[in-house]
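**Student:** Supplied in structure tokens, the structure appears directly below.
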Amino acid sequence: MMESLIAAASSYAGQIDQVTHVVAILGGFWLLLAEAALFYFVFKYRRSRNPKAEYITGETKQQMKWIHWPHNLVLLCDIVILVFAVRAWYHVKQEMPPIDEEVRVVGHQWAWEFVHSGPDGKLGTDDDVSVVDELHLIVNKTYKFKLEAADVLHSFSIPAFRFKQDAVPGRQISGWFKPTKTGQYDVPCSQMCGIGHGIMGGQVYVHTPEEYRQWLDSKVPKSASLPVKGVDRIAMNQGGM
Amino acid sequence: MATQGHAAAANGHDAHGHGDHHELSFVQKYIFPLDHKIIGMQYLFTGILMGVIGALMSYAFRMQMAFPGKAVPPFGLITPEFYNSMVTNHGSIMIFWFAMPVLIAAFGNFLIPLMIGCDDMVFPRVNRLSYQIFLLSAIVLIASMFVPGGGFGGAWTSYPPLSASSVYNQTPYGAPMWLFAVALEFVAFLLGGINFITTLMNSRAPGMKMYNIPIVIWMIIIASILFMASVGPLIAGAVMLLFDQTIGTGFFDPVRGGDPVLWQHLFWFFGHPEVYVVLLPAMGIVAEVLPVFARKKLFAYKTVLWTAIATGVLSFVVWAHHQFVAGIDPRMANIFTVTTLLISVPVTEMLFVYIGTLYGASIQLTTPMLFAIAFIAEFLIGGVTGIFLGASGSDIYFHDTYFVLAHFHYTFIPIAVIAVFAGIYYWFPKMFGRFMNDFWGKVHFWGTAIPFNGIFLPLFYTGAAGDHRRSFDLLNFPELRQPNLIFARQFATISLLVMLGFQVIFFINFFYCMFRGRKAGANPWNANTLEWVAPSPPPHGNFAELPNCHRGPYEYSVPGRESDYWPQNEPAT
Amino acid sequence: MSEGNAAHNHTGPGHHHHEPHAPSYYVKIWAVLLVLLIVSITGPMLGNKILTLITAFGIAVVKALIVAAFFMHLNVEKKYIWYVLLTMLAAVAIFYFGVAADVQKYNGSNWTKPASYKYDEDMKKAHEAGGHGGEHGAEHGAEAGATHGAAQ
Amino acid sequence: MATAIPIATQRSATGIPTGKLALWWVIGSEIVIFGGLLASYLMMRLMYDSWSDAASHTNTVAGAINTFILLTSSLFAVLAHDAAERGKGPQAAGYLLLTIGGGLNFLVVKAIEWTGEISHGFTITTNTFWSFYYTACGLHGLHVIGGMICMGIIAFDAVRGKNLQRVEYIGLYWHFVDIVWIFLFPLIYIAK
């Protein structure tokens, strides 16, 4: 259902869509049931058909069953939803699987700064590649991001990954994602960040390893010593897949 | 009950107490009134006026959403600053200056003394003061949109650091004025709330026991208590943020030891109970309308009352679900998911009780009844779609999308529009002694209830497809340029225009019938509650003789009685 | 007729009046409060942190309860006034425990607060550097705010 | 304008006079306001070790004197209530004036204390500890001032034996303001 609306391009997109579908099915069931009962009663007990109303207090044991059973069933549905929701949440927000690459994301008024680890595969070194509004990733690699905000709150959101996390000034928030489909996806800011909030959006490019290396080569200055090690690492990881 | 002694004694000087009220000038009666009904009217008219302003704002930004970059008459081209300011003030106005004054203050003021059978609020002058502060807050808010730099545009949640510094928000005067207006409004409602609670606790008609109080009164009182217990941290937070904005403290500036997430907590600790502060009175209005036009006792009165109280208590432990992805510790999110899903239990239970009330009923589809049924039908959708957001896993995706927006409009519009219309059509005869026109009322009903779905069903769709909130032009994002999304946005906007157009019928009907409508007697709907004992419209002092209460409020179609209703004040024979 | 007389004339069945006490009764309670005050001031002089917490906050609670019970006459007031006040205190407690997990910590599950950590270190350095952390702090604050705004 | 008292005001289903009941709710709402502010302060105070250094600059002597003053003024407030209960209006008014005197003393000490701190460079914008310090004490001080004004009005009536029950209500409010200070005192002055 969700995939027909928007691409699902990360490893956990399916799990989050699953939560959505579970809620849709259980919630939809109750919604339809309640609406059906409501309209059936309105139709059946209208004055022209039923001129004299019954006297029902709704406080005898027999009558309270009509409240208690739905009550218990709703509770049961809640528990089912809870299990799915917390599992997905734990997987996406609390777990940190073994990572292949790191990327630093900084929200500014009104652009994203993406710091790629560069050829050596490490953040905070001289060969980091910092790009505005473009995030370049390799398909099927697990990325850890470090999210910061330079001025006000922003929200790092990749709808196609089913991912969202606010960037808070003064905090560094980490998380992970693993793109599973090549292509180009939106990275809008989804938290009000001022006048330019509506233009703040980048693109994430999910590349094959070859494309990624081409992109990286175009960014690394020729004068820099050849970062063989980093490239090797990427290739090695590729082999290990 | 201990009161009865006094109350009987107090009834003795009724004639004395109110004899000297008849010679009031227009200004004394309508501008600086002490009468709870007039103060209720002041709240009602001010609230509706603010609601109209808020609705016109929605017209401005919905047009921009549907037809980005086109001039919107009469505003012209919508700039991002203007767009943000409209979105922010639309949200603030609709909640603080429309839903709250109308649902709690207007209906509370008008109904509480009438329905519990006394002559006025316990503190008429505090009541008047509360309205005056509220009016001042509304004026400050409106003025904030016309100061240099324009109105505040940092969303109604006003998250710092954006809201804390004009370096970031570019509204050096708009932001503090907005915040000041909100704080003033809280003070007004604290005064009003204390008045409501004290009135209910102390001034009930002799014989009116806990389970004889009409549900709407309970709901307004529970809402007032929720408001009072939750707003404190935000008042403190508003002072802190105001200092950040004006004198340069750093309460919410991380570099200087503050914490932006603290504000989010201060805000939502109030913000979530606030949802129930407006929901409960709306539920109460529906609980009054349903039994009258179903000619049937409310199903399980005690269940309704206790589920309302349970909802109120639970509403204090769910607030962080607004912040799941906002930077709170993810472990806390699990706790708040559990509590959030739990709160669905009492709310669904309440709705089931309402549906159960219709079983075996004899339903008259009058205008107020139509609105009451529509409230249940529409609010169910709002409630169910809330689970997508309360479940932490799916909220990662849905947070801050139009899905959220559609969800809470599916709760707030049934609450603040549909239930309010049910209440207005229902109590209009009591307010003005005349009926509203039923035919035009029904035209207005269909013109409201159907286009409303036309606005927000498409927005569920666009939200699920990734439209995120508060962007002044979604076409800046390639994924959101699909033709079917554009069509859905335009469909929503056109539905809005239709819905707004039909409200004109309401206003004509309202003001025409205020003066020319068919005359109504004291109890035109054959209802049980005490307000229908007083003449329509009730004079200052309400009752010729203060009523006593003999039974619960919903004794309709009692077997063995000739008439199908049994007023609360009628002694058992 | 004034509101006052009206309300005060009620001595009906529901309106209870506690026994009037001699003024000396209140003076005695006041004396107890003063003794507690002295204890709470001298507590920190013993230099034990836990003892300080007990003498400072434990005694504050005791003092507040004494004032509430005897000066505000909650000891003879209807029980549900206690419930109202305790409900409000419970709301504050819920707020505290819900928020402390984020605001009172430097780090948690997948997040840290580098800015707060740096702030605390800077404050400590400023304090060690000179007795008058104040002026230094003021400069630091303004400066930090400025860089914060401009640099990014 | 006609000022007849509604019958609503004179009823008392709870057995607590209306004015007093309302005052308890006022106190209830104030608890959450101060509670929200102090809870926010407490979180940061517990997080930042450096704030105990900042707190060492507060003037414990001034805080202690003010606690003493407020406790004593609370005694006068309860004595005023006691006198009002016995129907002695002028005596109640006298005690109320003593209470107001206590409030004035409190403000004078506060003013001296703040002057000293500001002259040492500790202003509200110095850092967030001092922002909390001035905001919390300032909010409390506003309550003291408000209470004094109300007390003045009530004392004015009480001399002539009018509205004596209000002496008790303002007393309740004053004791509450006292209790807030009882907690502010260790939070700001003692825990270092």
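Chains as they are written, first to last, in my numbering: chain A, 6 to 246; chain U, 2 to 574; chain D, 2 to 153; chain P, 78 to 269.
The C-beta atom is built at its ideal place from N, Cα and C for all residues, glycine as well.
1. Could you pull the start and end residues of the alpha helix (DSSP H) that residue 505/U belongs to?
2. How about residue 204/U and residue 123/U: do their beta carbons lie closer than 7 Å?
3. Give the secondary structure of residue 23/A by DSSP, where H, G and I count as helix, E and B as strand, and everything else as coil.
4. Taking residue 194/U as part of the alpha helix (DSSP H), name the residues at either end of that continuous run.
5. Use the C-beta contact count for residue 249/P: other C-beta atoms within 10 angstroms, 16 or more gives buried, fewer gives exposed.
6. Where do the N-terminal and C-terminal ends of the beta strand (DSSP E) with residue 139/A fall, by residue?
7. Determine which residues of the region 297–326 of chain U have a Cβ less than 8 Å from any Cβ of chain D, and write them out in chain order.
8. Using the Cα positions of residue 571/U and residue 84/P, report the straight-line distance between them to the nearest angstrom.
9. Start and end of the beta strand (DSSP E) containing residue 152/A?
10. State the Cα-Cα distance for the pair residue 62/D and residue 260/P, rounded to the nearest angstrom.
11. Since residue 120/U meets chain B, which of its residues come closer than 8 Å, beta carbon to beta carbon?
12. Among 127/P, 140/P, 123/P, which one has its Cα closest to the Cα of residue 38/D?
13. With a 10 Å radius around its C-beta and 16 neighbouring C-beta atoms as the bar for buried, classify residue 36/D as buried or exposed.
14. Near residue 187/P, which residues of its chain fall below 8 Å by C-beta distance, leaving aside the five closest residues on each side in sequence?
15. Taking the alpha-carbon positions, what's the residue 537/U to residue 60/U distance?
16. Rounded to whole angstroms, what is the Cα-Cα separation between residue 135/P and residue 254/P?
17. Taking the alpha carbon of residue 78/A as the reference point, which residue from 32/A, 26/A, 115/A has its own alpha carbon closest?
18. Which residues of chain D have a Cβ atom closer than 7 Å to the Cβ of residue 230/U, listed in chain order?
19. DSSP three-state call for residue 265/P: helix, strand or coil?
20. What residue from 554/U, 461/U, 155/U has the CA that sits closest to residue 402/U's CA?
21. Residue 41/D CB to nearest chain U CB: under 7 Å?
22. Under a three-way DSSP split, which group does residue 479/U fall into?
23. Of all the residues that make up the region 120–132 of chain D, which are near chain P by a beta-carbon distance shorter than 7 Å?
24. Going by C-alpha distance, which of 163/U, 139/U, 171/U, 137/U is nearest residue 1/U?
25. Residue 80/D and residue 92/P look like a contact to me (Cβ under 8 Å); what is the Cβ gap, rounded to whole Å?
26. Which bits of chain A does residue 110/D rub up against, with CB to CB less than 9 Å?
27. Below 6 Å CB to CB, which residues in the same chain sit around residue 52/U once its five sequence neighbours on both sides are set aside?
28. Counting only Cβ pairs nearer than 8 Å, list the residues of chain D close to residue 266/U.
29. Counting C-beta neighbours from all protein chains within 10 Å, is the total for residue 438/U 16 or more, i.e. buried, or is it exposed?
30. Whose C-beta lies closer than 6 Å to the C-beta of residue 225/P among residues of the same chain, with five residues either side of it excluded?
31. In the region 101–115 of chain P, which residues sit with their C-beta less than 8 Å from some C-beta in chain U, listed in chain order?
32. Measure the alpha-carbon distance for residue 292/U versus residue 276/U and round it to whole angstroms.
33. If you run the structure through DSSP and keep just helix, strand and coil, what is residue 129/U?
34. According to DSSP, is residue 566/U helix, strand or coil?
35. How many Å lie between residue 222/A and residue 212/A at the Cα?
36. Identify every residue that forms a DSSP beta bridge with residue 135/A.
**Tutor:** Judging by the given coordinates:
1. As a first step, residue 505/U must be located in the second sequence, where it is residue number 504. Where residue 505/U is concerned, the enclosing alpha helix (DSSP H) stretches over 484–517.
2. Reading the second sequence from its first residue, position 203 is the one you call residue 204/U. Reading the second sequence from its first residue, position 122 is the one you call residue 123/U. Result yes, Cβ atoms of residue 204/U and residue 123/U sit closer than 7 Å.
3. Translated into positions along the first sequence, residue 23/A becomes position 18. It is helical.
4. The count along the second sequence starts at 1 and reaches residue 194/U at position 193. Run containing residue 194/U: 175–203, per the alpha helix (DSSP H) assignment.
5. To locate residue 249/P, count along the fourth sequence from 1; it is residue 172. Residue 249/P comes out buried.
6. The count along the first sequence starts at 1 and reaches residue 139/A at position 134. It spans 139–143 - the beta strand (DSSP E) in which residue 139/A sits, taken as one unbroken run.
7. 317, 318, 320, 321
8. On the second sequence, position 570 is the one that residue 571/U refers to. On the fourth sequence, position 7 is the one that residue 84/P refers to. Cα to Cα, the separation comes out at about 21 Å.
9. By one-based count along the first sequence, residue 152/A stands at place 147. Here the beta strand (DSSP E) through residue 152/A covers 148–154.
10. Position 61 of the third sequence holds residue 62/D. Position 183 of the fourth sequence holds residue 260/P. Each residue's Cα considered, the two are about 8 Å apart.
11. Considering every chain present, this structure includes no chain B. Its protein chains are A, U, D and P.
12. What you label residue 38/D is simply residue 37 of the third sequence in a count that begins at 1. Of 127/P, 140/P, 123/P, the residue nearest in Cα terms is 140/P.
13. In the third sequence, counting from the first residue as 1, residue 36/D sits at position 35. Exposed: under 16 other Cβ atoms inside 10 Å.
14. Residue mapping note: residue 187/P aligns to position 110 of the fourth sequence, counting from 1. For residue 187/P, where only same-chain residues beyond five positions count, the Cβ hits under 8 Å are 139, 143, 214, 218.
15. Translated into positions along the second sequence, residue 537/U becomes position 536. Translated into positions along the second sequence, residue 60/U becomes position 59. Residue 537/U and residue 60/U: Cα-Cα distance of roughly 37 Å.
16. Taking the first residue of the fourth sequence as 1, we reach residue 135/P at position 58. Taking the first residue of the fourth sequence as 1, we reach residue 254/P at position 177. Answer to the nearest angstrom: the Cα atoms are 21 Å apart.
17. As a working mapping, residue 78/A is identified with position 73 in the first sequence. Checked all of 32/A, 26/A, 115/A; the closest Cα to residue 78/A is 32/A.
18. Position 229 of the second sequence, counted from the first residue, corresponds to residue 230/U. Going along chain D in sequence order, the residues near residue 230/U (Cβ under 7 Å) are 88, 89, 92.
19. Position 188 of the fourth sequence, counted from the start, is the residue given in the question as residue 265/P. Correct three-state label for residue 265/P: helix.
20. The residue you call residue 402/U lines up with position 401 of the second sequence. Checked all of 554/U, 461/U, 155/U; the closest Cα to residue 402/U is 461/U.
21. Position 40 of the third sequence holds residue 41/D. Chain U, which has no Cβ nearer than 7 Å to the Cβ of residue 41/D, makes this no.
22. Stepping through the second sequence from its first residue, residue 479/U is reached at position 478. Helix.
23. 121, 124, 125, 128
24. With chain U covering only 2 through 574, there is no way to say anything about residue 1/U.
25. Position 79 of the third sequence, counted from the first residue, corresponds to residue 80/D. Position 15 of the fourth sequence, counted from the first residue, corresponds to residue 92/P. In fact, because the Cβ distance is near 11 Å, the residues do not count as touching under 8 Å.
26. As a position in the third sequence, residue 110/D is number 109, starting the count at 1. Here the neighbours are 98, 99.
27. Within the second sequence, numbered from 1, the residue matching residue 52/U stands at position 51. Contacts found: 99.
28. Taking the second sequence and counting its residues from 1, the one referred to as residue 266/U is at position 265. Near residue 266/U (Cβ distances below 8 Å), the residues of chain D are 96, 99, 100, 103, 104.
29. Counted from its first residue, the second sequence places residue 438/U at position 437. Buried, by the Cβ-count rule.
30. Position 148 of the fourth sequence, counting from 1, holds the residue named residue 225/P. These residues qualify, in order along the chain: 177, 180.
31. 102, 103, 105, 106, 107, 108, 109, 110, 111, 112, 113, 114
32. Locating residue 292/U in the second sequence gives position 291, where the first residue counts as 1. Locating residue 276/U in the second sequence gives position 275, where the first residue counts as 1. One C-alpha to the other measures close to 25 Å.
33. Here residue 129/U refers to the residue found at position 128 when the second sequence is read from its first residue. Residue 129/U falls in the helix class under three-state DSSP.
34. Counting from one through the second sequence, the residue named residue 566/U turns up at place 565. Residue 566/U: strand per DSSP, three-state reduction.
35. Here the question's residue 222/A lines up with position 217 in the first sequence. Here the question's residue 212/A lines up with position 207 in the first sequence. Distance between the alpha carbons of residue 222/A and residue 212/A is about 14 Å.
36. Indexing the first sequence from 1 puts residue 135/A at position 130. BP columns for residue 135/A point to 120/A.
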